[in-house]
Amino acid sequence: MPYTRSKSITLLCLIILIGFFLVACVHEPIGQAEKEEEATEIEFWYGLSGHIGEVMKEFINEYNNLQKEVTVVGVAQGNYEKTAQALRAAIVRRKPPAVVLLEDQRMQFFANVGALSPLDSLIEHEPNFHKEDFVDSFIQQGEFNGHIYALPAYGTTQVLYYRKDIFKLAGIKPESLNTWEELAKAANKLTIKNNQEVLVYGWEPIQGPEDLIDAAISRGGTFLSPDGKTVLIDEPAWIDSWEYFRKAINEDKIMKVNYGGEGWEYWYATIHDVLQGRAAGYTGSSGDQGELDFSIIGAHVQPGWEGYDGFPRAVAHARALCIPQSVSQDQKEAAFAWIKYLTSSEVTARWSIKTGYLPVRKSAMQTESFQRFANHSPQIMVPYEQTKIATKVFYDPTGGKIYEALKVAAEKVEIQNVSAETALKEAKETSQLELEKVLAGGDYH
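Listed below in C-alpha coordinates is the structure:
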(Lines of atoms letter the chains of each structure in order from A and count residues from 1; the text may use other names and numbers.)
(Lines give C-alpha, C1' and ligand atoms only; values in the text may rest on other atoms or scores of the structure.)
Protein backbone atom coordinates (compact mmCIF):
# COMPACT_ATOMS: atom_id res chain seq x y z
CA MET A 1 0.00 0.00 0.00
CA PRO A 2 2.76 2.59 0.81
CA TYR A 3 4.39 1.72 -2.46
CA THR A 4 1.17 2.26 -4.35
CA ARG A 5 0.61 5.61 -2.63
CA SER A 6 4.13 6.75 -3.47
CA LYS A 7 3.60 5.71 -7.04
CA SER A 8 0.38 7.73 -7.19
CA ILE A 9 2.10 10.83 -5.80
CA THR A 10 4.90 10.45 -8.33
CA LEU A 11 2.36 10.12 -11.15
CA LEU A 12 0.48 13.20 -9.91
CA CYS A 13 3.68 15.24 -9.84
CA LEU A 14 4.49 14.06 -13.33
CA ILE A 15 1.08 15.18 -14.58
CA ILE A 16 1.51 18.57 -12.94
CA LEU A 17 4.95 18.98 -14.53
CA ILE A 18 3.56 18.04 -17.93
CA GLY A 19 0.80 20.59 -17.41
CA PHE A 20 3.32 23.34 -16.63
CA PHE A 21 5.34 22.29 -19.68
CA LEU A 22 2.29 22.52 -21.95
CA VAL A 23 1.37 25.93 -20.59
CA ALA A 24 4.92 27.10 -21.22
CA CYS A 25 4.74 25.77 -24.76
CA VAL A 26 1.52 27.53 -25.63
CA HIS A 27 2.33 30.74 -23.75
CA GLU A 28 4.40 32.26 -26.52
CA PRO A 29 1.80 31.78 -29.31
CA ILE A 30 -0.88 33.27 -27.02
CA GLY A 31 1.39 36.22 -26.40
CA GLN A 32 1.98 36.59 -30.13
CA ALA A 33 -1.74 36.56 -30.78
CA GLU A 34 -2.25 39.23 -28.14
CA LYS A 35 0.53 41.28 -29.68
CA GLU A 36 -1.06 40.97 -33.12
CA GLU A 37 -4.37 42.10 -31.65
CA GLU A 38 -2.70 45.29 -30.46
CA ALA A 39 -2.92 46.75 -33.99
CA THR A 40 -5.44 49.61 -34.08
CA GLU A 41 -8.12 48.93 -36.67
CA ILE A 42 -9.53 51.95 -38.49
CA GLU A 43 -12.16 52.39 -41.19
CA PHE A 44 -11.33 54.47 -44.25
CA TRP A 45 -14.26 55.61 -46.39
CA TYR A 46 -13.73 56.63 -50.02
CA GLY A 47 -16.00 57.12 -53.02
CA LEU A 48 -13.89 55.48 -55.71
CA SER A 49 -14.65 52.61 -58.07
CA GLY A 50 -13.37 51.00 -61.26
CA HIS A 51 -9.63 51.17 -61.90
CA ILE A 52 -9.06 53.90 -59.30
CA GLY A 53 -10.97 51.96 -56.67
CA GLU A 54 -8.77 48.92 -57.34
CA VAL A 55 -5.64 51.04 -57.02
CA MET A 56 -6.85 52.32 -53.65
CA LYS A 57 -7.40 48.75 -52.46
CA GLU A 58 -3.87 47.93 -53.59
CA PHE A 59 -2.42 50.79 -51.55
CA ILE A 60 -4.46 49.83 -48.47
CA ASN A 61 -3.23 46.24 -48.67
CA GLU A 62 0.32 47.41 -49.18
CA TYR A 63 0.19 49.61 -46.08
CA ASN A 64 -1.32 46.85 -43.95
CA ASN A 65 1.44 44.46 -45.01
CA LEU A 66 4.23 46.95 -44.35
CA GLN A 67 3.53 47.46 -40.66
CA LYS A 68 1.66 45.93 -37.72
CA GLU A 69 0.54 48.94 -35.70
CA VAL A 70 -2.47 49.97 -37.81
CA THR A 71 -4.94 47.95 -39.85
CA VAL A 72 -6.85 49.99 -42.43
CA VAL A 73 -10.25 48.63 -43.42
CA GLY A 74 -11.30 50.27 -46.67
CA VAL A 75 -15.01 50.90 -47.20
CA ALA A 76 -15.86 51.95 -50.76
CA GLN A 77 -18.88 54.24 -51.16
CA GLY A 78 -20.73 54.85 -54.43
CA ASN A 79 -19.05 58.19 -55.16
CA TYR A 80 -17.95 61.39 -53.41
CA GLU A 81 -21.51 62.58 -52.88
CA LYS A 82 -22.65 59.31 -51.32
CA THR A 83 -19.55 59.33 -49.11
CA ALA A 84 -20.55 62.75 -47.75
CA GLN A 85 -24.14 61.60 -47.19
CA ALA A 86 -22.97 58.50 -45.34
CA LEU A 87 -20.55 60.56 -43.24
CA ARG A 88 -23.29 62.96 -42.21
CA ALA A 89 -25.49 60.09 -41.06
CA ALA A 90 -22.56 58.44 -39.25
CA ILE A 91 -21.72 61.64 -37.39
CA VAL A 92 -25.32 61.92 -36.18
CA ARG A 93 -25.10 58.33 -34.89
CA ARG A 94 -21.64 59.12 -33.43
CA LYS A 95 -20.14 56.22 -35.41
CA PRO A 96 -17.99 57.91 -38.07
CA PRO A 97 -14.99 56.30 -39.76
CA ALA A 98 -11.51 57.25 -38.58
CA VAL A 99 -10.58 58.63 -42.01
CA VAL A 100 -12.72 59.81 -44.91
CA LEU A 101 -11.90 61.03 -48.42
CA LEU A 102 -14.01 64.06 -49.37
CA GLU A 103 -14.39 66.48 -52.25
CA ASP A 104 -13.10 69.94 -51.44
CA GLN A 105 -16.52 71.63 -51.23
CA ARG A 106 -17.95 68.97 -48.92
CA MET A 107 -14.80 68.97 -46.82
CA GLN A 108 -15.23 72.73 -46.36
CA PHE A 109 -18.80 72.20 -45.16
CA PHE A 110 -17.87 69.57 -42.56
CA ALA A 111 -14.91 71.64 -41.35
CA ASN A 112 -17.03 74.73 -40.87
CA VAL A 113 -19.72 72.97 -38.85
CA GLY A 114 -17.07 71.57 -36.49
CA ALA A 115 -17.37 67.96 -37.66
CA LEU A 116 -13.67 67.52 -38.53
CA SER A 117 -10.72 67.30 -36.20
CA PRO A 118 -7.88 69.83 -36.59
CA LEU A 119 -4.70 68.07 -37.66
CA ASP A 120 -2.21 70.69 -36.39
CA SER A 121 -1.08 68.84 -33.26
CA LEU A 122 -0.67 65.56 -35.14
CA ILE A 123 1.45 67.32 -37.75
CA GLU A 124 3.57 69.07 -35.12
CA HIS A 125 4.52 65.75 -33.55
CA GLU A 126 5.92 64.49 -36.88
CA PRO A 127 9.27 66.25 -37.44
CA ASN A 128 9.74 64.56 -40.84
CA PHE A 129 6.30 65.46 -42.14
CA HIS A 130 7.52 68.57 -44.05
CA LYS A 131 4.24 70.42 -44.54
CA GLU A 132 6.06 72.96 -46.73
CA ASP A 133 6.57 70.22 -49.35
CA PHE A 134 2.83 70.07 -50.15
CA VAL A 135 1.62 71.87 -53.26
CA ASP A 136 0.33 75.20 -51.92
CA SER A 137 -2.95 75.32 -53.85
CA PHE A 138 -3.88 71.84 -52.61
CA ILE A 139 -3.01 72.08 -48.93
CA GLN A 140 -4.52 75.56 -48.63
CA GLN A 141 -7.94 74.12 -49.44
CA GLY A 142 -7.90 72.32 -46.09
CA GLU A 143 -6.95 75.39 -44.02
CA PHE A 144 -9.60 77.33 -42.12
CA ASN A 145 -9.33 79.92 -39.35
CA GLY A 146 -5.64 79.22 -38.84
CA HIS A 147 -6.02 75.43 -38.56
CA ILE A 148 -5.54 72.49 -40.94
CA TYR A 149 -8.63 70.28 -41.13
CA ALA A 150 -7.67 68.17 -44.14
CA LEU A 151 -4.65 67.04 -46.10
CA PRO A 152 -4.80 66.46 -49.86
CA ALA A 153 -4.75 62.84 -51.04
CA TYR A 154 -4.41 63.88 -54.68
CA GLY A 155 -5.13 66.77 -56.97
CA THR A 156 -7.33 66.84 -60.03
CA THR A 157 -8.43 69.14 -62.80
CA GLN A 158 -10.55 68.62 -65.91
CA VAL A 159 -8.64 68.29 -69.20
CA LEU A 160 -9.45 67.32 -72.78
CA TYR A 161 -9.00 63.79 -74.15
CA TYR A 162 -9.35 63.17 -77.88
CA ARG A 163 -9.03 60.34 -80.38
CA LYS A 164 -5.84 61.02 -82.31
CA ASP A 165 -6.85 58.70 -85.16
CA ILE A 166 -10.32 60.23 -85.61
CA PHE A 167 -8.88 63.75 -85.56
CA LYS A 168 -6.28 62.79 -88.15
CA LEU A 169 -8.84 61.20 -90.46
CA ALA A 170 -10.93 64.38 -90.29
CA GLY A 171 -7.89 66.56 -90.96
CA ILE A 172 -8.21 68.34 -87.60
CA LYS A 173 -5.14 69.35 -85.62
CA PRO A 174 -4.98 69.42 -81.82
CA GLU A 175 -4.54 73.21 -82.03
CA SER A 176 -8.28 73.37 -82.71
CA LEU A 177 -8.74 72.63 -79.00
CA ASN A 178 -7.20 75.94 -77.92
CA THR A 179 -10.51 77.82 -77.86
CA TRP A 180 -14.11 76.77 -77.27
CA GLU A 181 -15.13 78.40 -80.53
CA GLU A 182 -12.63 76.30 -82.50
CA LEU A 183 -13.59 73.18 -80.57
CA ALA A 184 -17.24 73.66 -81.63
CA LYS A 185 -16.16 73.90 -85.28
CA ALA A 186 -14.08 70.75 -84.90
CA ALA A 187 -16.93 68.93 -83.13
CA ASN A 188 -19.29 69.84 -85.97
CA LYS A 189 -16.86 68.39 -88.52
CA LEU A 190 -16.20 65.28 -86.44
CA THR A 191 -19.89 64.47 -85.86
CA ILE A 192 -21.22 61.72 -88.13
CA LYS A 193 -24.98 61.45 -88.65
CA ASN A 194 -27.28 59.10 -90.51
CA ASN A 195 -30.32 61.29 -91.09
CA GLN A 196 -31.45 62.13 -87.54
CA GLU A 197 -29.34 59.44 -85.88
CA VAL A 198 -25.95 60.50 -84.55
CA LEU A 199 -23.37 57.76 -85.07
CA VAL A 200 -20.36 59.64 -83.73
CA TYR A 201 -20.49 62.75 -81.55
CA GLY A 202 -17.85 65.40 -81.99
CA TRP A 203 -17.43 65.95 -78.24
CA GLU A 204 -18.81 64.82 -74.87
CA PRO A 205 -18.63 66.95 -71.73
CA ILE A 206 -19.12 65.13 -68.42
CA GLN A 207 -22.65 65.80 -67.20
CA GLY A 208 -22.86 68.10 -64.20
CA PRO A 209 -21.82 71.62 -63.26
CA GLU A 210 -18.02 71.14 -63.13
CA ASP A 211 -17.25 71.49 -66.85
CA LEU A 212 -19.73 74.34 -67.16
CA ILE A 213 -18.22 76.15 -64.17
CA ASP A 214 -14.76 75.84 -65.74
CA ALA A 215 -16.08 77.34 -68.98
CA ALA A 216 -17.74 80.24 -67.13
CA ILE A 217 -14.61 81.03 -65.12
CA SER A 218 -12.50 81.03 -68.28
CA ARG A 219 -14.89 83.67 -69.66
CA GLY A 220 -14.41 85.87 -66.59
CA GLY A 221 -17.25 84.55 -64.46
CA THR A 222 -17.16 84.81 -60.68
CA PHE A 223 -19.45 83.40 -57.99
CA LEU A 224 -19.82 86.39 -55.70
CA SER A 225 -19.47 90.16 -55.78
CA PRO A 226 -16.26 91.57 -54.24
CA ASP A 227 -18.08 92.35 -50.98
CA GLY A 228 -19.42 88.77 -50.81
CA LYS A 229 -23.05 89.87 -50.60
CA THR A 230 -24.38 89.15 -54.10
CA VAL A 231 -24.43 85.89 -56.07
CA LEU A 232 -23.28 86.51 -59.66
CA ILE A 233 -23.99 83.19 -61.38
CA ASP A 234 -26.54 84.77 -63.74
CA GLU A 235 -24.04 87.25 -65.20
CA PRO A 236 -23.34 87.21 -69.00
CA ALA A 237 -20.09 85.23 -68.57
CA TRP A 238 -22.08 82.38 -67.04
CA ILE A 239 -25.09 82.59 -69.34
CA ASP A 240 -23.05 82.79 -72.57
CA SER A 241 -20.75 79.90 -71.69
CA TRP A 242 -23.55 77.61 -70.47
CA GLU A 243 -25.72 78.46 -73.48
CA TYR A 244 -22.83 77.37 -75.73
CA PHE A 245 -23.15 73.84 -74.33
CA ARG A 246 -26.96 73.78 -74.32
CA LYS A 247 -27.02 74.64 -78.02
CA ALA A 248 -24.25 72.17 -78.94
CA ILE A 249 -25.97 69.33 -77.06
CA ASN A 250 -29.66 69.91 -77.71
CA GLU A 251 -29.89 71.85 -80.96
CA ASP A 252 -26.79 71.18 -83.05
CA LYS A 253 -26.36 67.69 -81.58
CA ILE A 254 -22.61 67.78 -82.02
CA MET A 255 -22.09 67.11 -78.31
CA LYS A 256 -23.68 64.67 -75.89
CA VAL A 257 -23.81 64.07 -72.14
CA ASN A 258 -24.35 60.71 -70.46
CA TYR A 259 -26.39 60.77 -67.28
CA GLY A 260 -28.11 58.54 -64.76
CA GLY A 261 -27.06 55.15 -63.45
CA GLU A 262 -25.39 54.19 -60.20
CA GLY A 263 -22.31 55.93 -58.84
CA TRP A 264 -19.80 56.76 -61.56
CA GLU A 265 -21.72 54.88 -64.30
CA TYR A 266 -22.40 58.01 -66.36
CA TRP A 267 -18.71 58.91 -66.24
CA TYR A 268 -17.52 55.51 -67.42
CA ALA A 269 -20.15 55.55 -70.18
CA THR A 270 -18.51 58.74 -71.49
CA ILE A 271 -15.04 57.17 -71.41
CA HIS A 272 -16.32 54.09 -73.23
CA ASP A 273 -17.97 56.22 -75.92
CA VAL A 274 -14.57 57.69 -76.77
CA LEU A 275 -12.59 54.45 -76.51
CA GLN A 276 -15.14 52.64 -78.70
CA GLY A 277 -15.31 55.39 -81.33
CA ARG A 278 -18.79 56.73 -80.57
CA ALA A 279 -17.31 60.13 -79.73
CA ALA A 280 -14.19 61.93 -80.93
CA GLY A 281 -13.27 63.30 -77.51
CA TYR A 282 -14.46 64.37 -74.09
CA THR A 283 -13.68 66.63 -71.13
CA GLY A 284 -12.63 64.47 -68.20
CA SER A 285 -10.63 64.18 -65.03
CA SER A 286 -6.88 63.85 -64.76
CA GLY A 287 -7.71 60.68 -62.85
CA ASP A 288 -9.17 59.09 -65.99
CA GLN A 289 -5.72 58.43 -67.39
CA GLY A 290 -5.50 54.95 -65.88
CA GLU A 291 -8.62 54.01 -67.90
CA LEU A 292 -7.39 55.34 -71.25
CA ASP A 293 -5.34 53.89 -74.10
CA PHE A 294 -2.82 56.58 -75.03
CA SER A 295 -1.78 54.81 -78.17
CA ILE A 296 -5.00 56.26 -79.62
CA ILE A 297 -5.84 59.02 -77.10
CA GLY A 298 -4.22 62.45 -76.79
CA ALA A 299 -4.48 64.91 -73.90
CA HIS A 300 -4.81 68.70 -74.04
CA VAL A 301 -5.41 71.54 -71.58
CA GLN A 302 -8.87 73.07 -71.51
CA PRO A 303 -9.67 75.80 -74.03
CA GLY A 304 -10.16 79.47 -73.37
CA TRP A 305 -12.59 81.83 -75.11
CA GLU A 306 -11.63 84.12 -77.95
CA GLY A 307 -11.00 87.59 -76.55
CA TYR A 308 -10.75 86.36 -72.95
CA ASP A 309 -7.04 85.70 -72.62
CA GLY A 310 -5.61 85.81 -69.12
CA PHE A 311 -8.56 84.27 -67.31
CA PRO A 312 -8.12 80.90 -65.55
CA ARG A 313 -8.85 77.90 -67.76
CA ALA A 314 -10.22 75.59 -65.07
CA VAL A 315 -10.40 74.83 -61.34
CA ALA A 316 -7.69 72.82 -59.57
CA HIS A 317 -9.35 70.57 -56.99
CA ALA A 318 -7.93 68.61 -54.08
CA ARG A 319 -9.52 65.45 -52.74
CA ALA A 320 -9.14 65.70 -48.99
CA LEU A 321 -8.25 63.21 -46.25
CA CYS A 322 -10.11 64.11 -43.05
CA ILE A 323 -10.47 62.79 -39.52
CA PRO A 324 -13.92 63.27 -37.94
CA GLN A 325 -13.92 65.15 -34.65
CA SER A 326 -15.77 62.53 -32.62
CA VAL A 327 -13.35 59.60 -33.06
CA SER A 328 -11.12 58.56 -30.14
CA GLN A 329 -7.55 59.78 -29.75
CA ASP A 330 -5.99 56.40 -30.55
CA GLN A 331 -8.12 56.23 -33.69
CA LYS A 332 -7.00 59.74 -34.66
CA GLU A 333 -3.34 58.81 -34.24
CA ALA A 334 -3.77 55.62 -36.26
CA ALA A 335 -5.70 57.55 -38.91
CA PHE A 336 -2.93 60.10 -39.18
CA ALA A 337 -0.33 57.35 -39.60
CA TRP A 338 -2.31 56.14 -42.65
CA ILE A 339 -2.67 59.70 -43.97
CA LYS A 340 1.06 60.29 -43.52
CA TYR A 341 1.82 57.17 -45.55
CA LEU A 342 -0.65 57.96 -48.34
CA THR A 343 0.67 61.51 -48.73
CA SER A 344 4.37 60.61 -48.58
CA SER A 345 6.48 61.61 -51.56
CA GLU A 346 7.05 58.15 -53.03
CA VAL A 347 3.48 56.98 -52.48
CA THR A 348 1.81 60.08 -53.95
CA ALA A 349 4.18 59.76 -56.94
CA ARG A 350 3.15 56.12 -57.48
CA TRP A 351 -0.52 57.01 -57.03
CA SER A 352 -0.14 59.64 -59.75
CA ILE A 353 1.58 57.19 -62.09
CA LYS A 354 -1.14 54.57 -61.63
CA THR A 355 -4.14 56.91 -61.83
CA GLY A 356 -3.17 60.16 -63.59
CA TYR A 357 -4.18 62.25 -60.58
CA LEU A 358 -1.80 65.01 -59.55
CA PRO A 359 0.73 64.29 -56.78
CA VAL A 360 0.30 66.46 -53.71
CA ARG A 361 3.96 66.91 -52.81
CA LYS A 362 6.42 68.98 -54.80
CA SER A 363 9.16 66.43 -54.21
CA ALA A 364 7.03 63.65 -55.76
CA MET A 365 7.63 64.94 -59.27
CA GLN A 366 11.38 64.77 -58.64
CA THR A 367 11.35 61.10 -57.71
CA GLU A 368 13.05 58.72 -60.11
CA SER A 369 9.86 56.73 -60.69
CA PHE A 370 7.80 59.80 -61.63
CA GLN A 371 10.52 61.27 -63.84
CA ARG A 372 10.93 57.99 -65.69
CA PHE A 373 7.18 57.61 -66.21
CA ALA A 374 6.74 61.22 -67.37
CA ASN A 375 9.48 60.77 -69.98
CA HIS A 376 7.62 57.83 -71.52
CA SER A 377 4.06 59.05 -70.85
CA PRO A 378 3.99 62.84 -71.39
CA GLN A 379 0.18 62.97 -71.03
CA ILE A 380 0.63 62.80 -67.23
CA MET A 381 2.08 66.32 -67.33
CA VAL A 382 -0.94 67.87 -69.11
CA PRO A 383 -3.03 68.22 -65.90
CA TYR A 384 0.02 69.62 -64.13
CA GLU A 385 0.51 72.22 -66.89
CA GLN A 386 -3.15 73.13 -66.58
CA THR A 387 -2.83 73.81 -62.85
CA LYS A 388 -0.49 76.66 -63.78
CA ILE A 389 -3.40 78.43 -65.53
CA ALA A 390 -6.15 77.18 -63.20
CA THR A 391 -7.76 78.74 -60.16
CA LYS A 392 -8.48 77.40 -56.68
CA VAL A 393 -11.86 75.99 -55.78
CA PHE A 394 -14.49 78.51 -54.71
CA TYR A 395 -15.32 78.48 -51.01
CA ASP A 396 -19.12 78.37 -50.78
CA PRO A 397 -20.17 80.37 -47.68
CA THR A 398 -23.63 78.78 -47.76
CA GLY A 399 -22.29 75.33 -46.99
CA GLY A 400 -22.73 74.06 -50.53
CA LYS A 401 -26.13 75.55 -51.41
CA ILE A 402 -24.69 77.58 -54.33
CA TYR A 403 -23.09 74.45 -55.75
CA GLU A 404 -26.33 72.53 -55.31
CA ALA A 405 -28.23 75.22 -57.21
CA LEU A 406 -25.68 75.03 -60.02
CA LYS A 407 -26.03 71.25 -60.11
CA VAL A 408 -29.79 71.60 -60.65
CA ALA A 409 -29.19 74.29 -63.29
CA ALA A 410 -26.72 72.06 -65.15
CA GLU A 411 -29.30 69.27 -65.38
CA LYS A 412 -31.84 71.72 -66.78
CA VAL A 413 -29.44 73.11 -69.38
CA GLU A 414 -27.77 69.88 -70.50
CA ILE A 415 -30.60 67.36 -70.18
CA GLN A 416 -33.90 69.27 -70.20
CA ASN A 417 -32.85 71.88 -72.82
CA VAL A 418 -33.83 74.81 -70.59
CA SER A 419 -32.15 78.04 -71.64
CA ALA A 420 -29.03 78.93 -69.68
CA GLU A 421 -30.49 82.31 -68.79
CA THR A 422 -33.62 80.79 -67.24
CA ALA A 423 -31.80 78.02 -65.40
CA LEU A 424 -29.09 80.30 -64.01
CA LYS A 425 -31.48 83.04 -62.92
CA GLU A 426 -33.45 80.43 -60.96
CA ALA A 427 -30.20 79.15 -59.45
CA LYS A 428 -29.18 82.71 -58.56
CA GLU A 429 -32.49 83.41 -56.79
CA THR A 430 -32.20 80.21 -54.75
CA SER A 431 -28.54 80.86 -53.93
CA GLN A 432 -29.09 84.51 -53.01
CA LEU A 433 -31.72 83.57 -50.43
CA GLU A 434 -29.32 81.06 -48.88
CA LEU A 435 -26.49 83.59 -48.84
CA GLU A 436 -28.67 86.20 -47.15
CA LYS A 437 -29.54 83.68 -44.42
CA VAL A 438 -25.84 83.19 -43.72
CA LEU A 439 -25.09 86.91 -43.79
CA ALA A 440 -27.91 87.43 -41.32
CA GLY A 441 -26.37 84.88 -39.00
CA GLY A 442 -28.56 81.96 -40.02
CA ASP A 443 -27.71 78.27 -39.91
CA TYR A 444 -26.74 76.44 -43.09
CA HIS A 445 -26.19 73.01 -41.51
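In terms of this note's numbering, the sequence shown opens at residue 4 and continues consecutively.
Positions of the beta carbon are idealized from the N, C-alpha and C atoms, including for glycine.
For S124, is the classification buried or exposed, using 16 other Cβ atoms within 10 angstroms of its Cβ as the cut-off for buried? exposed
When the Cα atoms are used, what is the spatial distance from I326 to F62? 19 Å
Just to confirm, are Q369 and I45 a CB contact at a threshold of 8 Å? no
Would you list the one or two residues that DSSP bridges to L154? L324
Under three-state DSSP, which class holds G174? coil
Quick check: the segment 350-366 against the segment 122-139, are there 3 or more CB pairs under 8 Å? yes
Please classify M258 as buried or exposed, where buried requires at least 16 other C-beta atoms within 10 Å of its C-beta. buried
Nearest-angstrom Cβ-Cβ length linking M59 and Y66, presumed shorter than 8 Å: Not really, about 11 Å apart at Cβ, beyond 8 Å.
Span of the alpha helix (DSSP H), counted from its first residue to its last, around S140: D139 to I142
Give the list of continuous alpha helix (DSSP H) stretches no shorter than 4 residues that lie fully inside the segment 39-84. 53-69
Where does the unbroken alpha helix (DSSP H) through L438 begin, and where does it stop? A423 to L442
Please determine if the segment 308-316 and the segment 179-187 are in contact, where contact requires at least 3 C-beta pairs separated by less than 8 Å. yes
How would you label E371, buried or exposed, when you count the other beta carbons within 10 angstroms and need 16 or more for buried? exposed
What is the DSSP secondary structure of K98, reduced to helix, strand or coil? coil
Among L69, E84, N64 and T358, which residue has its Cα nearest to the Cα of Y406? E84
For Q199, the nearest candidate out of K391, V416 and D255 (CA to CA): D255
Note down, in chain order, each residue of its chain lying with its Cβ closer than 7 Å to the Cβ of F397, except the 5 sequence neighbours on either side. F226
Residue range of the unbroken beta strand (DSSP E) whose run includes T286: G284 to S288
Length at least 4, wholly inside the segment 219-263: the alpha helix (DSSP H) runs in chain order: 239-249
Spell out the partners DSSP gives T159 in its beta bridges. H320
Give the secondary structure of W183 by DSSP, where H, G and I count as helix, E and B as strand, and everything else as coil. helix
Quick check on the burial criterion: 16 or more other C-beta atoms within 10 angstroms. Buried or exposed for Y157? buried
Helix, strand or coil at G313 [DSSP, three-state]: coil
Quickly, what does DSSP pair R364 with across the bridge? List them, please. F137
Spatial distance of P155 from Q144 (CA atoms): 8 Å
Where does I18 sit, in a helix, a strand or coil, going by DSSP? Low confidence applies to I18: its pLDDT is 39, below 50, so where it sits in the model is not reliable enough to give any reading.
Bridge partners for V103 per DSSP, in chain order? W48 and C325
Which residues in the same chain have their Cβ closer than 8 Å to the Cβ of I418, if we skip the five residues on either side of it in sequence? Q210, V260 and Y262
Going by C-alpha distance, which of E238, E129, W270 and N197 is nearest A426? E238
Using 8 Å for Cβ pairs, my map puts A317 next to A413. What's the rounded Cβ distance? Rounded, the Cβ-Cβ distance is 16 Å, inconsistent with contact.
Quick check: what's the CA-CA separation for F132 versus W341? 13 Å
Between which two residues does the beta strand (DSSP E) harbouring K357 extend? Taken as a continuous stretch (DSSP letters only), K357 belongs to no beta strand (DSSP E), being part of the alpha helix (DSSP H) at S348 to T358.
Using the Cα positions of K428 and P381, report the straight-line distance between them to the nearest angstrom. 42 Å
Looking at the structure shown, is Y269 part of a helix, part of a strand, or coil, going by DSSP? helix
Considering V411, what are the terminal residues of the alpha helix (DSSP H) in which it resides? K404 to E417
Alpha carbons only, please: which of I142, K176, R249 and V116 is nearest the one belonging to S422? R249
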